[in-house]
Amino acid sequence: MNHFLDINKTSAQDLRGIIDRARTIKDARKGQPKGAPDAEQALANHMVALIFEKPSTRTRVSFDVGVRQMGGQTMVLSGADMQLGHGETIADTARVLSRYVDLIMIRTFEEQTLLEMAEYATVPVINGLTNRTHPCQIMADIMTFEEHNGPIAGKKVVWSGDGNNVFASFAHAAGQFGFDLVFTGPPTLDPEQCFLDEARAKGVSVTIERDPIKAVDGADLVVTDTWVSMHDPQSARERRHNQLRPYQVNEHLMSHANVF
């Protein structure tokens with residue numbers, strides 16, 4: 003089954019093909035109303051299940067609109083709409099959904115939920131986010147960078163902040179697309195070592211620099227993410243704000259990068 007579960011589980015050739023195809027589709031839409039169908043109806047007569055165990059604004063809107071523009075229909079399901087892993091196994095949910103839809107996108111908490119969905123579904127499954135990775139976000143980021151700056155291969159990308167699931171997917175992408183990656187953030191929020199090691203094994207430079215000013219020197223791209231999760235209590239939010247304030251991406255920090 004041709005799932006899209008993670009950047010490191012997809013070949014570099016296929017990843018490049020996804021971005022190039024997306025740019026072609028986007029370019030063909032220039033000047034059209036947002037509700038107009040794509041000329042190439044790639045999902046015509048297809049039903050797509052969009053599962054949001056974890057709520058979202060941008061992921062939900064982008065997938066829903068994208069599927070419709072490509073000629074498909076969507077069925078949006080929240081955690082409250084299903085018994086995902088509660089009263090009904092993920093395996094059973096995957097099997098049942100596969101009888102009614104042609105494609106499943108799932109935005110969930112646990113990585114294991116995604117993996118089980120892919121194992122038992124008989125239709126392709128797309129990772130819309132887990133607590134461990136967020137591959138679609140990084141694919142969109144790389145596409146945007148390349149639209150304005152050309153190929154990302156050989157560039158210096160700096161991640162400032164929390165070594166979270168989005169950084170993990172950037173580390174996967176570094177190995178697949180061939181760019182160097184620098185993490186700058188407090189030691190308490192370092193990324194998992196396995197993500198760094200995997201990228202290094204593919205021949206790219208992945209380093210940690212505590213000083214954000216030094217980190218962004220010569221950077222072609224500087225990326226950050228939200229400092230808090232929607233489920234963090236207020237005490238945790240205040241603590242993380244204090245930890246991450248020195249790593250805020252602002253005009254002062256960007257003046258030391260190579261992007262202007």
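Numbering (my numbering), first residue to last: 3 to 262.
Glycine included, each C-beta is placed from N, C-alpha and C at the ideal position.
Everything numeric in this text was worked out from a predicted model, so none of it was measured.
Pick out whichever of the options has its Cα sitting closest to the Cα of residue i.
i    : options                : result
T95  : V125, T76, V67         : V125
Y249 : H233, N260, A217       : A217
A201 : P189, A176, R25        : A176
N252 : K204, P214, R18, K11   : P214
V67  : A170, V50, K56, D182   : V50
Q71  : H5, E55, Q34, E121     : Q34
F111 : N133, V103, V63, E121  : N133
Y102 : N47, E211, Q43         : N47
Q75  : S162, A203, N129, I106 : I106
P189 : I210, D182, V206       : I210
E113 : A142, L7, M141         : L7
V168 : G37, F54, T135, S13    : T135
L223 : D29, H150, L86, F65    : H150
E55  : G37, F65, Q85          : Q85
N260 : D219, D227, A123       : D219
Y122 : T91, G187, A142, M141  : T91
D143 : N244, R31, H5, D227    : D227
A170 : Q236, Q139, H5         : Q139
D104 : E42, S237, V127        : V127
S58  : N4, A238, H233, R242   : H233
T12  : L99, A203, P137, R31   : P137
Using DSSP with H/G/I as helix, E/B as strand and the rest coil, what is residue i?
i    : result
D182 : strand
Q75  : strand
E194 : coil
T209 : strand
L117 : helix
A238 : helix
I215 : helix
K11  : helix
I144 : helix
G152 : coil
S58  : coil
S80  : strand
S100 : helix
T135 : coil
P35  : coil
S64  : helix
E112 : coil
Rounded C-beta distance between residue i and residue j? I'm assuming under 8 Å.
i    : j    : result
K158 : A82  : That pair is no contact at about 43 Å.
A24  : M145 : 6 Å
H174 : I9   : 4 Å
L52  : L79  : 7 Å
I154 : F179 : 5 Å
L255 : D164 : Not a contact, Cβ separation roughly 16 Å.
T61  : R109 : 6 Å
L1   : W161 : The structure shown does not extend to residue 1, since the chain is modelled only from 3 to 262, so the question has no answer here.
F172 : G156 : F172 to G156, Cβ: 16 Å. No contact.
G130 : F65  : 7 Å
V208 : L198 : 5 Å
Where do the N-terminal and C-terminal ends of the beta strand (DSSP E) with residue i fall, by residue?
i    : result
N260 : Unbroken run through N260: none, as it is neither H nor E.
R109 : 105–109
W161 : 158–162
A51  : 49–54
Does the distance between the C-beta of residue i and the nearest non-hydrogen atom of the ligand SAH fall short of 8 Å?
i   : result
G68 : Summarising the ligand content, the structure contains no ligands, and the ligand SAH is consequently not present.
Let me check one thing: in DSSP terms, what residues is residue i bridge-paired to?
i    : result
L86  : E90
A44  : None, per the DSSP bridge assignment.
V224 : V160
F6   : I128
Which residue marks the beginning of the alpha helix (DSSP H) containing residue i, and which one marks its end?
i   : result
G19 : 14–30
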